[in-house]
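Q:
There are 2 protein chains.
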Amino acid sequence: MNFVEQLTTYFQTVADECIPGVSLDCVIFGFHDTRLKVLLLRWKGTNEWCLPGGFIYKTESVNDAAGRVLRERTGLDQLFLQQFYLFGDAVRYDRVDTWARQKMPLAFNSADKWPERTISVGYYALVDYTKVTPTADFMSDESCWWDVNDLPSLLYDHQQIIDVALKTLRLQLNWQPIGMNLLPEKFTIPELQRLYEVVLDRPLDARNFHKKITSLSILTRLDERRTGMAHKSPYLYQFDEMNYKKALVSGNLIFV
Amino acid sequence: MNFVEQLTTYFQTVADECIPGVSLDCVIFGFHDTRLKVLLLRWKGTNEWCLPGGFIYKTESVNDAAGRVLRERTGLDQLFLQQFYLFGDAVRYDRVDTWARQKMPLAFNSADKWPERTISVGYYALVDYTKVTPTADFMSDESCWWDVNDLPSLLYDHQQIIDVALKTLRLQLNWQPIGMNLLPEKFTIPELQRLYEVVLDRPLDARNFHKKITSLSILTRLDERRTGMAHKSPYLYQFDEMNYKKALVSGNLIFV
DNA sequence: TCAAAAGTGTTTGGTTTACACCCATGA
DNA sequence: TCATGGGTGTAAACCAAACACTTTTGA
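Protein sequence lines correspond, in order, to chains A and B. Residues 0 to 255 (numbering that gives the first Met the number 0) are what the first sequence spells out, left to right. Residues 0 to 255 (numbering that gives the first Met the number 0) are what the second sequence spells out, left to right.
1) Comparing alpha-carbon positions, which option in A:Tyr56, A:Trp144, A:Gln237 lies nearest A:Asn180?
2) Skipping 5 residues on each side, what residues in its chain have a beta carbon closer than 7 Å to that of B:Gln192?
3) Do you know how far the Cα of A:Ile27 is from the Cα of A:Asp63?
4) Can you tell me whether DSSP reads B:Val68 as helix, strand or coil?
5) Roughly how many whole angstroms lie between the Cα atoms of B:Asn242 and A:Thr45?
6) Quick one: residues in its chain with C-beta nearer than 7 Å to the C-beta of B:Thr219, no 5 flanking neighbours on either side, listed in chain order?
7) Of all Cβ atoms in chain B, is any one closer than 7 Å to the Cβ of A:Ile18?
8) Checking contacts by CB at 7 Å: is A:Thr58 closer than that to chain B?
9) Under 8 Å, with one C-beta from each stretch per pair, do the segment 142-161 of chain A and the segment 34-54 of chain A reach the 3-pair mark?
10) Taking the alpha carbon of B:Ala89 as the point to measure from, which residue in B:Lys244, B:Thr12, B:Lys211, B:Ser119 has its own alpha carbon closest?
11) With distance defined between alpha-carbon atoms, name the residue in B:Gln11, B:Leu168, B:Ile212 nearest to B:Leu80.
12) Output the boundary residues of the beta strand (DSSP E) element that contains B:Met219.
13) Using three-state DSSP, classify B:Glu141 as helix, strand or coil.
14) Quick one: is A:Val163 near chain B, going by C-beta distance under 7 Å?
15) With C-beta atoms as the reference, is B:Tyr128 less than 7 Å away from B:His31?
16) Can A:Gly178 and A:Asp24 be called in contact, C-beta distance under 7 Å?
17) Assuming A:Leu194 and A:Leu182 form a contact by the criterion Cβ under 8 Å, report the distance between their Cβ atoms to the nearest whole angstrom.
18) May I ask you to list, following chain order, the residues of the segment 70-93 of chain B that have a beta carbon less than 9 Å from some beta carbon of chain A?
19) Put B:Gln81 into one of helix, strand or coil per three-state DSSP.
20) Could you spell out where the beta strand (DSSP E) holding B:Gly53 opens and where it closes?
21) May I ask you to verify whether the segment 53-62 of chain B touches the segment 8-19 of chain B, counting CB pairs closer than 8 Å and requiring at least 3?
22) Does the CB of A:Val120 have a neighbour CB from chain B at under 7 Å?
23) Would you report the Cα separation of A:Asp222 and B:Ser216, rounded to the nearest angstrom?
24) Going by beta carbon distance, what residues of the same chain come within less than 8 Å of B:Ser109, once the five residues before and after it are set aside?
What follows is the structure, given as structure tokens:
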């Protein structure tokens, strides 16, 4: 089956089994090498990038659909996943819409029930970079991480979606288990500080950060240290999941 | 045209001109007599209440659709209107769905393109209670305000939608021009305090509140006082819109 | 004249910020 | 041995919370 045939079949399935005119897009955040990363897909045979996304089966909850997309693109389950906005502009188009109409009229002609216009639910996910296996879908040539501050040109309004996701992430930094989800199980306090710095986009004072984060008693210091780098080897920590959740629920801020 | 005929026509129009399977619901908040109010509609010929809602024309942005619903139900334009959540559970049903299927099979039989299941975008609006003319739609016998702490039994998941709206309102109290939108042009500081108390659901200290709210220089004290009540007559204030917006944009908190 | 709400400052405690030096490590 | 980042405490400024009495008004 060639690509256009695959696409045609896919569109037909979507038209039959999914909610018409509604898609979802996932902004999958990871953290690596002191940078915040986003997982993107490259459209088959092009240099155009876009967010992983998909459609919602008629019998499926929207949150489940987002979980499914994430699982397929990262290999991970039980991820931290948060709906953040419905993009519903009248001129908004989904990636399988305008673009494909232009480049693959054949596929579209056969997807006769395709709606004129698509609205899209935005989700953001926080994942442990080291555990993800980026996996392209059949419409894409590759899937890889991009630095959130150095993105390629994106299809449609996906740049805007990422902007809104980032803004939401910033606002929710104090209320959501962001550290717990973006870092590997064991991490150092300076690593956690880098993460906060890159999300907040400003430097933090190391002594104050250390004081504050340890005062919340959400971290357990291990007997190990991170070795192999030059310089003094820092202690490794783990989240104390129970205390962490307690602190978040009770509304304790970490930073404003 | 009788009701079932009206309903049938309406469903047909919606099926033809609107995004299928997507509705929107508006939680319209007002403030009156020291209580937070929500505008509800009573379904024709029943004692069942629900939120004002509607559908999205295929050529219309979702935000515009929400503005339209609000205008129709309150007579007000240019309202403070905020999207807060997409309710997308697989078992979620819209008010023109299950209920009408049961009670008015006739109308439904003719709306042959009606989708199995509806997802709904939640919006909340903040309005000046004194300026609203509650207006029922053709499916409702009446439209009126209900105390948010003393609601009637609601159709479908509308109670849950109100709960989420209220939670969002609480979280956004510090970032959104809530006072400016829920109070009439002229108001007293104790009135504003009641509003904060009822949204936060806890009493606030009058001296601290007064100090804090005036220190933001977002209020202008007028030469008038509120008279006609027993007791000392309080000063009237107006928002200084420019300073208020400046304070909100700069991220100044009012309360945490 | 009485009951009830409005108006008003100060003190205390906690939180946030600013800031500098020594230590451990691999190169 | 050197360069670099890790680890640590204290003082000052700021902000939040607690708290009581006098004034005004209509009933």
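Built from N, CA and C at the ideal position, the CB exists for glycine as well.
A: The answer reads as follows:
1) A:Gln237
2) Leu203, Ala205, Phe208
3) Here the alpha carbons of A:Ile27 and A:Asp63 stand approximately 16 Å from one another.
4) Shown here, B:Val68 sits in a helix according to DSSP, grouped into three states.
5) 49 Å
6) A distance below 7 Å between beta-carbons, with the five flanking residues on each side excluded, links B:Thr219 to the following residues of its chain, in chain order: Tyr236, Gln237, Asp239.
7) yes
8) It does: the Cβ of A:Thr58 has a partner Cβ on chain B nearer than 7 Å.
9) Contact between the segment 142-161 of chain A and the segment 34-54 of chain A is present, because at least three Cβ pairs lie under 8 Å.
10) B:Ser119
11) When each option's Cα is compared against that of B:Leu80, the closest is B:Leu168.
12) Note that residue 219 of chain B is Thr in the sequence shown, not Met. Taken as a continuous stretch (DSSP letters only), the beta strand (DSSP E) holding B:Thr219 covers 218-224.
13) strand
14) no
15) yes
16) no
17) 7 Å
18) Answer in chain order: Gln82, Tyr84, Leu85, Phe86, Gly87, Asp88, Ala89, Val90, Arg91.
19) strand
20) 52-56
21) yes
22) yes
23) 52 Å
24) With a pLDDT of 49 at B:Ser109, under the threshold of 50, the modelled position of this residue cannot be trusted; read the value that follows with caution. Contacts found: Thr7, Phe10, Gln11.
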